[in-house]
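Contents: one structure, followed by commentary.
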Amino acid sequence: MEKKALLYEGKAKRIYTTEDPGLLIAAYKDDATAFNGLKKGQIANKGILNNKISAFFFTLLAQAGVDSHFVKLLSDREMLVKKVEIIRVEVVVRNYAAGSLVERLGLEEGPPLSRPVLEFYYKNDALGDPLINEDHIAVLNLATPAQVGIMADQALTINEILTRHLQTRNLLLVDYKLEFGLHQGNVLLADEISPDTCRFWEATTGEKLDKDRFRRDLGGVEEAYQEIYRRLTGGEN
Ligand code: ADP
Ligand code: UDP
């Protein structure tokens, strides 16, 4: 499948059309941004690692009965995906206190939460992706209540599948962001699942193995992404 026109260039990926109007190519870049684009940089080989890590997670989810836009890997940096109309709601699930939750609620980073916490954010760069609730989603016409219910159910099912698998690799799934789209009228998981969009902590040492190493200038960023890939796959393609 060949790339045709560049449909969209985002912060982490380029999206291309193909000869099939129902299929797109997502090409993963090494560019990294944080704090709503204020911090910019590059992480060597990130595009390759995130492409393959996302493919791994989408395949794992498919095996557990959760469909996504993922069709197949095309190359080191490219995957073929089903075209969806992205729902402009970012769905975040949290299992441990970290990131903006800690800031917002005045918590210490680190402890497990007594139950998963589900949050919605308005996918709007100009507004800095504000936290929203189901009423906001309704008045902004971002999704119907039924679609919100499906996204919430899927996000929590995905939480169980990913948490269980990562446990076997001695990794904690701290929190993560999902995006969904509409495909033939149905809600379908889309975008990516990678160390850019999840927090992963080494279960024994607590070491951060995700984009927080870039956000906080902790060093060893590429190595952390490599480590996630290695633990998930044993390093095989
Ligand atoms: P951002 O837009 O946040 O800078 P990216 O650089 O990752 O993010 O760009 C990828 C864009 O493609 C995102 O806006 C995402 O919502 C969108 N996208 C992801 N999967 C699909 C898909 N299957 N169909 C259409 N758009 C998609
Ligand atoms: N996240 C993301 N994209 C965003 C905002 C958050 O992928 O635009 C991910 C982030 O990597 C983390 C989770 O969602 O795994 C929760 O993020 P949080 O609200 O703590 O915000 P952050 O402090 O990461 O900006």
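Residue 206 in this note's numbering sits at position 188 of the sequence shown, with consecutive numbering throughout. Using N, Cα and C, we set each Cβ at its ideal position, and we do this for glycine too.
Here DSSP, grouped into helix, strand and coil, assigns Pro-213 to coil.
As a beta-bridge residue in DSSP terms, Tyr-194 pairs with Val-111 and Cys-216. The C-beta distance from Ile-71 to Pro-213 rounds to 7 Å, short enough to fall under 8 Å. For Ala-45, the CB contacts under 7 Å within the same chain, skipping 5 residues up- and downstream, are Lys-31, Arg-32, Tyr-34, Arg-95 and Glu-96 in chain order. Buried is the label assigned to Leu-180, since at least 16 other Cβ atoms lie within 10 Å of its Cβ. If you look at Ile-155, you'll find it in the alpha helix (DSSP H) that goes 152 to 157.
Exclusion of the five residues before and after Arg-187 leaves Arg-249 and Leu-250 as the residues of its chain whose Cβ lies within less than 7 Å of its Cβ. The DSSP-derived three-state label of Phe-88 is strand.
Residue environment analysis places Val-157 among the exposed positions, since fewer than 16 neighbouring C-beta atoms fall within 10 angstroms of its C-beta. For Gly-59, there is no enclosing alpha helix (DSSP H); the enclosing beta strand (DSSP E) covers residues 57 to 60.
Here Val-107 is not near Pro-134, since their CB atoms are 8 Å or more apart. Val-192 places its beta carbon less than 8 Å from that of Phe-218.
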